[in-house]
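Q: Next up is a structure, given as structure tokens.
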Amino acid sequence: MLIFYGIHEFSKKVTDKAQVFCKTCQTKVDALEQQSFNMAHLFFIPLIPLGTKKVWICPECGQDPHCRTRTSRAKKILLCILGLPFLAAIWFGEGKPEDAGSMWGVRAVFTIGYLILLYVTIYHQPFVDSEDEGNSEPSA
Ligand SMILES: [Zn+2]
1034 MLIFYGIHEF SKKVTDKAQV FCKTCQTKVD ALEQQSFNMA HLFFIPLIPL GTKKVWICPE
1094 CGQDPHCRTR TSRAKKILLC ILGLPFLAAI WFGEGKPEDA GSMWGVRAVF TIGYLILLYV
1154 TIYHQPFVDS EDEGNSEPSA
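Quick note on numbering: the sequence shown equals residues 1034 to 1173 in our numbering.
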């Protein structure tokens, strides 16, 4: 049985506007604060009032300008470390002789993926947390 449920936003309106630094776009934007009255619905019939909710929205990307959306370097390094045993198993693990042909494709795809992961980890762009840091020129 298919059940339609979710949250419906009533009387959505812009309540405030402020110039903030969007952490996703990495630029200064005129963010909008939207207020709505939310209700949980079942089969599009509003049933449970959830109250008033205010959210900030970046007009450029549609995300919350205060939310961090990029992967941190620590997580990338962790993924590199966790990926090494997996890569070793693909290259040096014992496989069935009839799978030898397809294993070369798997080895190629995962090795290229791992090299791309290493590249983005090594050349990781540091996360800019405020507008001032984003506009600063690197010193010679
Ligand atoms: Zn944005």
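We treat Cβ as the ideally placed atom computed from N, Cα and C, and that holds for glycine.
Measuring alpha carbon to alpha carbon, tell me which of Cys1058, Thr1060, Phe1070 ends up nearest Lys1046.
A: The candidate whose alpha carbon is nearest that of Lys1046 is Phe1070.
Q: Can you check which of these residues, Cys1055, Gln1059, Ala1073, is closest to Leu1065 by C-alpha distance?
A: Nearest C-alpha to Leu1065: Cys1055.
Q: In three-state DSSP terms, what is Lys1045?
A: Three-state DSSP puts Lys1045 in a strand.
Q: Quick one: using the 10 Å Cβ neighbour count with 16 as the cut-off for buried, is Cys1091 buried or exposed?
A: Per the 10 Å Cβ criterion, buried.
Q: Classify Pro1118 as buried or exposed, calling it buried when 16 or more other Cβ atoms lie within 10 Å of its own Cβ.
A: Exposed: under 16 other Cβ atoms inside 10 Å.
Q: Does the distance between the C-beta of Val1053 and the nearest non-hydrogen atom of ligand 1 fall short of 7 Å?
A: Checking every heavy atom of ligand 1 against the Cβ of Val1053, none is found closer than 7 Å.
Q: Tell me where the alpha helix (DSSP H) around Phe1070 begins and ends.
A: Segment 1060-1075 is the beta strand (DSSP E) holding Phe1070; no alpha helix (DSSP H) there.
Q: Is Thr1057 near Cys1094, with beta carbons less than 8 Å apart?
A: Their beta carbons are under 8 Å apart, which means Thr1057 touches Cys1094 by this criterion.
Q: Relative to the C-alpha of Ser1044, which residue among Lys1086, Gln1059, Thr1060 is closest?
A: Comparing Cα-Cα distances from Ser1044 to each of Lys1086, Gln1059, Thr1060, the minimum goes to Lys1086.
Q: For Tyr1156, which of helix, strand or coil comes out of DSSP?
A: Coil, per DSSP.
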